[in-house]
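Just so you know, we're using the UniProt record's numbering here: the sequence shown kicks off at 1 and counts up by one.
Beta carbons are placed, not taken as given, at the ideal position from N, Cα and C, and that holds for glycine.
The model shown is predicted, which means the values in this text are computed figures rather than measured ones.
So the structure is just underneath, and the comments pick up after that.
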Amino acid sequence: MLEILNKLNHYSVEQPDMIALSFEEDVLTYQELYTAIQQLKSVFMHLPKGSRVGLLSKSPLHNMLNYFAILEQGSIPCFLDDQWSEVTIHQLIETYHIDYLVDEQHRLIKTTSSETYPTYLNEQSQVHQLLHIGFTSGTTGLPKAYYRNEPSWLASYKENEKLLRHKENILVAPGPLAHSLSLYTCIYALYTGRTFIGQTRFNATKLVSKMKQQTTNSALFLVPTMLHAITKINHDHLHLTTILSSGAKLSSSLFKRIAETFQHANIIEFFGTSEASFISYNINRKASVDSVGYIFQNVTIGLEEKDKNHIGLLNVKSNMIFSGYVNQSVVLPETWIKTGDYAYIKDNQLYLVSRQNERLIIGGKNVYPQVIEQMIKNIDGVEEAIVIGEPHPRFGEIAVLLYTGSIELEYQTVRQHIMKVLSRYDVPSKFIKVDSMQYTQSGKVARNKMRTAYVKGDFKL
Numbered sequence: 001m002l003e004i005l006n007k008l009n010h011y012s013v014e015q016p017d018m019i020a021l022s023f024e025e026d027v028l029t030y031q032e033l034y035t036a037i038q039q040l041k042s043v044f045m046h047l048p049k050g051s052r053v054g055l056l057s058k059s060p061l062h063n064m065l066n067y068f069a070i071l072e073q074g075s076i077p078c079f080l081d082d083q084w085s086e087v088t089i090h091q092l093i094e095t096y097h098i099d100y101l102v103d104e105q106h107r108l109i110k111t112t113s114s115e116t117y118p119t120y121l122n123e124q125s126q127v128h129q130l131l132h133i134g135f136t137s138g139t140t141g142l143p144k145a146y147y148r149n150e151p152s153w154l155a156s157y158k159e160n161e162k163l164l165r166h167k168e169n170i171l172v173a174p175g176p177l178a179h180s181l182s183l184y185t186c187i188y189a190l191y192t193g194r195t196f197i198g199q200t201r202f203n204a205t206k207l208v209s210k211m212k213q214q215t216t217n218s219a220l221f222l223v224p225t226m227l228h229a230i231t232k233i234n235h236d237h238l239h240l241t242t243i244l245s246s247g248a249k250l251s252s253s254l255f256k257r258i259a260e261t262f263q264h265a266n267i268i269e270f271f272g273t274s275e276a277s278f279i280s281y282n283i284n285r286k287a288s289v290d291s292v293g294y295i296f297q298n299v300t301i302g303l304e305e306k307d308k309n310h311i312g313l314l315n316v317k318s319n320m321i322f323s324g325y326v327n328q329s330v331v332l333p334e335t336w337i338k339t340g341d342y343a344y345i346k347d348n349q350l351y352l353v354s355r356q357n358e359r360l361i362i363g364g365k366n367v368y369p370q371v372i373e374q375m376i377k378n379i380d381g382v383e384e385a386i387v388i389g390e391p392h393p394r395f396g397e398i399a400v401l402l403y404t405g406s407i408e409l410e411y412q413t414v415r416q417h418i419m420k421v422l423s424r425y426d427v428p429s430k431f432i433k434v435d436s437m438q439y440t441q442s443g444k445v446a447r448n449k450m451r452t453a454y455v456k457g458d459f460k461l
């Protein structure tokens, strides 16, 4: 049996009255949670072992109850996002052979993929202690399904515990459970006997109000766009001692505002992926502001195709990695994972310079947008910045900077700032201040949408 199921049983006896899950008005103690799971098992008792069940309720509490009841019966929960279109959900059901869906009343509905069960069972059975099937939140195309095994998350929890220094009893993650960070935090809280606070839809005001009702220390797991909203809310009497940000680096302006707003909280920035889990961390910016932090001790880094500046394609190996993409070969523990990032290492700190498909070639020189973006975001008054390529008859392509913030960037000032570290090829040829960025559902800048908007002429020079 999975460890998380054993833990829920244990806590239902040892701390029955402690709050386990809290989503707005929906609150369950550990005893109530365990009892509800046992009652739901009857819904899934006739499922073939290993069958895939899609979770699509608008209620996060219902999804978590179904999640555990499905695992109890030896089947596999698949967390779908209720914000996806019906077309996308149908494509995912067909592509990844999701046999059943659970509706709002906890009823089991057979899908059109229900005859494919024997075709995937052999691949799936190779995953040791399979916890669920998740989906990447990529900015283009159909989300990719992947296997998440329980031991990988238990290893991640062990590393997280080393970073939580204030004995936080409450873990908070306001993002959708269909996104890896929030589901990870929810299972983390329950595995360690803590209280988890989540939201059906992110609302900064309601979240802060809920957190003010708590009398013990809490840790907050979220993405920068949510943090930005929370800093604008009155935070008096908030027992927030650790902030864990993931998904994108914090701009210097936002980091400064967070540090001023939550003066007694540790600010931890994580770099990782759905596939590789955590790779590096930066506590209170003790690592270089230009890096993504120190590499976790249980993570091994490999760089392929390194150039003369020791920049190469980042590969990662650890006991925290996923078990592979669905419909592809299963990934065994300690397998090298290709991240698709160009990076380099200095003083055990990891520096990202670009995604593999975002590298620009300007006048025959490699230009890496991410390192330029980080330098721009380190300028006070800049909130977000992305660098995109535009075709050019002489240089092949040129770099175009799109940014948001409270200041107007001047070319000569930025040129001097960038050329302290980089070359003249790295200085964007065009600067365009935009009113706002478009974001993915997981809180990352939707780079392709911004590029499309630029090409269409939506932004004025």
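In the three-state reduction of the DSSP assignment, Gln349 falls in the strand class, which pools E and B. Put simply, the backbone Cα of Ser59 is about 40 Å away from that of Ala343.
The three-state reading of DSSP puts Phe255 in helix, counting H, G and I together. Less than 7 Å separates the beta-carbon of Asp82 from that of Leu56.
Residue environment for Arg52: buried (at least 16 other C-beta atoms within 10 angstroms of its C-beta).
If one requires a minimum length of 3 residues, the beta strand (DSSP E) runs lying completely within the stretch 58-125 are 76-79, 100-102 and 108-110, in chain order.
Around Gln15, the same chain offers Tyr30 as residues with beta carbons nearer than 6 Å, after the five sequence neighbours per side are excluded. Taking a cut-off of 8 Å for Cβ pairs, the stretch 241-254 and the stretch 214-231 touch, as three or more such pairs fall below it. In the three-state reduction of the DSSP assignment, Pro333 falls in the coil class, being assigned neither a helical nor a strand state.
Counting C-beta atoms within 10 angstroms of its own C-beta, Gly363 has fewer than 16 neighbours from the protein chains shown and is therefore classed as exposed. A residue is called buried when at least 16 other Cβ atoms come within 10 angstroms of its Cβ; Leu332 does not meet this threshold and is exposed.
One alpha carbon belongs to Val172, the other to Ser429, and they sit about 42 Å apart. Nearest to Phe322 by C-alpha distance, out of Val299, Thr339 and Glu275, is Glu275. Distances from the CA of Val414 to each of Met437, Gln441, Gly443 and Gly381 were compared; the closest alpha carbon is that of Gly381. By the Cβ test, the stretch 172-183 is not in contact with the stretch 291-311, since fewer than three Cβ pairs between them sit closer than 8 Å. A straight-line Cα-Cα distance of about 43 Å links Phe135 and Gln412. Between the beta-carbon of Met437 and that of Glu384 there is about 5 Å, and that keeps the pair under the 8 Å contact cut.
Nearest in C-alpha terms to Glu72, of all of Ile109, Gln129, Ser22 and His97, is Gln129. Here Glu304 is bridged, per DSSP, to Leu313.
One thing to note: Leu40 has its Cβ within 7 Å of the Cβ of Ala69. In this structure Trp336 is exposed. Its beta-carbon is surrounded by fewer than 16 other beta-carbon atoms within 10 angstroms. Closest in C-alpha terms to Ile361, from the list Leu154, Ile379 and Val387, comes Val387. Pairing Lys206 with Tyr184, the inter-Cα distance amounts to about 22 Å.
Taken in chain order, the unbroken stretches of beta strand (DSSP E) that lie wholly in the UniProt domain "AMP-binding enzyme C-terminal" (372-444) and span 3 residues or more are 382-392, 396-405 and 430-433.
Annotated three-state conformation of His10 is helix, per DSSP. Of Ala204, Gly54, Asn448 and Asn284, the smallest CA-CA separation from Ile230 is found for Ala204. Between the stretch 189-199 and the stretch 399-412 there are fewer than three inter-stretch CB-CB distances shorter than 8 Å, so the stretches are not counted as touching. By the criterion of a C-beta distance shorter than 8 Å, Leu254 is surrounded in its chain by Pro224, Leu227, His228, Thr231 and Glu383, once the five residues flanking it on both sides are discounted. Along the stretch 208-239, the beta strand (DSSP E) occurs as fully enclosed runs of 3 or more residues at 218-222, listed in sequence order. Per DSSP, reduced to three states, the secondary structure at Glu24 is coil, with no helix or strand assignment.
By the CB criterion at 7 Å, Ile76 and Ile133 fall inside the cutoff. Listed as beta-bridge partners of Arg148 by DSSP are His132. In this structure, Gly54 is the residue among Leu422, His166, Gln213 and Gly54 with its C-alpha nearest to the C-alpha of Ala145.
Under the three-state reduction of DSSP, Leu244 is assigned to strand. Residues of the same chain with a CB within less than 7 Å of the CB of Gln328, apart from the 5 flanking positions on each side, do not exist.
Burial check for Met211: the Cβ neighbour count within 10 Å reaches 16 or more, so the residue is buried.
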